[in-house]
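Colleague: After the structure tokens below, expect a handful of questions from me.
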Amino acid sequence: MKQMWQRIPYLLMLVAGVVACAPVQPRDAEISKPVTMETPEIEAPQPKTPGSLWTTGNGSLFVDNRASRVGDILTVAIYEQAEASKQATTSTGRTTSASADITSLFGLESNLANLNSNIDPANLVSAGYTNDFQGSGSTTRKEDLVATLTTRVVEVLPNGTLRISGSKSVTVNHERQLIHLSGIVRQEDITPENLIDSKYVLDANIVYTGKGVIDDKQKPGWLLRLLDTVTPF
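For the sequence shown, the residue numbers in the numbering used here are 1118 to 1350.
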């Protein structure tokens, strides 16, 4: 048993050496992966009739260019601002005191004095208890996100609302910033410029994240995370 415990440091060194020698995948290959989405089925446009004044195409003098069908493009102006604060204070206190004395008990109180001269029948029991508690807490959170994202209509619901989804990826100095938005919008909330504010997006799922050198530096190393997981303290 003692020999087994003596071998543990060598085993840990061996495991650390194997991990250190493991090949590291280049960050560029991971960052350069494009963001792919499922392409919705789009109806093929009807062929135009050469020389005709009226065509069966999508354009019309009486129909605007706002998104209304699957595959249409819709620009979302993202402006999300949230701020919350909470403060709580608690203060409690309690004081208790009790005393007991026996001045007459069938004449037995005199026997107590005979047994011990320090016993005073008029002051047998005296106790006191004091409890004080004070607690306070406060929290503040503020979030701001301003961006513009072009999305695509992926589904037209039976009531006419549009399900949209879109992503944008920007890579600068091996640091990739990704923003994604999905949700449901009403056609009447879309402006004539084919623009809609993010506050009108129902069930909005907005994700803004980054991956790269800065993201790696914001996280502790793998050994520290391992020790933090297995430590019982």
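Backbone N, C-alpha and C fix where the C-beta goes; we use that ideal spot for every residue, glycine too.
When you compare only the Cα positions, how much space is there between residue 1149 and residue 1281?
Modeller: Unreliable positioning characterises residue 1149 in this predicted model, as indicated by a pLDDT of 40, which lies under 50. The coordinate reading is nonetheless provided below. Cα-Cα distance, rounded: 25 Å.
Colleague: By DSSP's criteria, residue 1323 is part of a beta bridge. Which residues make up the other side?
Modeller: 1298
Colleague: Going by beta carbon distance, what residues of the same chain come within less than 8 Å of residue 1301, once the five residues before and after it are set aside?
Modeller: Closer than 8 Å at Cβ, skipping near neighbours: 1274, 1278, 1279, 1280, 1281, 1318, 1319, 1320.
Colleague: Relative to the C-alpha of residue 1188, which candidate in 1272, 1337, 1264 has its C-alpha closest?
Modeller: 1272
Colleague: Relative to the alpha-carbon of residue 1324, which residue among 1298, 1182, 1207 has its alpha-carbon at the smallest distance?
Modeller: For residue 1324, the nearest C-alpha among the options comes from 1298.
Colleague: So what does DSSP say about residue 1141, is it helix, strand or coil?
Modeller: Note that residue 1141 scores 46 on pLDDT, short of 50, meaning its location in the model is unreliable; the coordinates nonetheless yield the value given after this. Residue 1141 falls in the coil class under three-state DSSP.
Colleague: Closest by CA to residue 1260, which one among 1342, 1182, 1196?
Modeller: 1196
Colleague: List the whole-angstrom C-beta distance separating residue 1193 from residue 1268, where the pair is believed to meet the contact cut-off of C-beta under 8 Å.
Modeller: 6 Å
Colleague: For the beta strand (DSSP E) containing residue 1314, list its first residue and its last residue.
Modeller: Counting along the chain, residue 1314 sits inside the beta strand (DSSP E) bounded by residues 1312-1314.
Colleague: Taking Cβ positions, are residue 1183 and residue 1294 nearer each other than 8 Å?
Modeller: no
Colleague: Considering only the beta carbon of each residue, do residue 1202 and residue 1257 sit closer than 8 Å?
Modeller: yes
Colleague: What separation, rounded to the nearest whole angstrom, lies between the Cα atoms of residue 1284 and residue 1292?
Modeller: 16 Å
Colleague: Let me check one thing: in DSSP terms, what residues is residue 1307 bridge-paired to?
Modeller: Residue 1307 is not bridged to any residue.
Colleague: Taking residue 1279 as part of the alpha helix (DSSP H), name the residues at either end of that continuous run.
Modeller: Where residue 1279 is concerned, there is no enclosing alpha helix (DSSP H), although the beta strand (DSSP E) it sits in stretches over 1279-1289.
Colleague: What does the Cβ neighbour count give for residue 1289, buried or exposed, with the cut at 16 atoms within 10 Å?
Modeller: exposed
Colleague: Measuring alpha carbon to alpha carbon, tell me which residue in 1313, 1327, 1309 is nearest residue 1266.
Modeller: 1313
Colleague: As a quick exercise: from 1310, 1263, 1328, 1322, pick the residue whose alpha carbon is nearest that of residue 1190.
Modeller: 1310
Colleague: Shortest alpha-carbon distance to residue 1286 belongs to which of 1316, 1329, 1276?
Modeller: Checking every option, the nearest Cα to that of residue 1286 belongs to 1329.
Colleague: Looking at the strands, I want to know which residues DSSP matches up with residue 1258.
Modeller: 1201
Colleague: Would you identify the three-state DSSP class for residue 1189, choosing helix, strand or coil?
Modeller: coil
Colleague: Given a threshold of 16 other Cβ atoms within 10 Å of its Cβ, counted over all protein chains shown, does residue 1270 qualify as buried or as exposed?
Modeller: Per the 10 Å Cβ criterion, buried.
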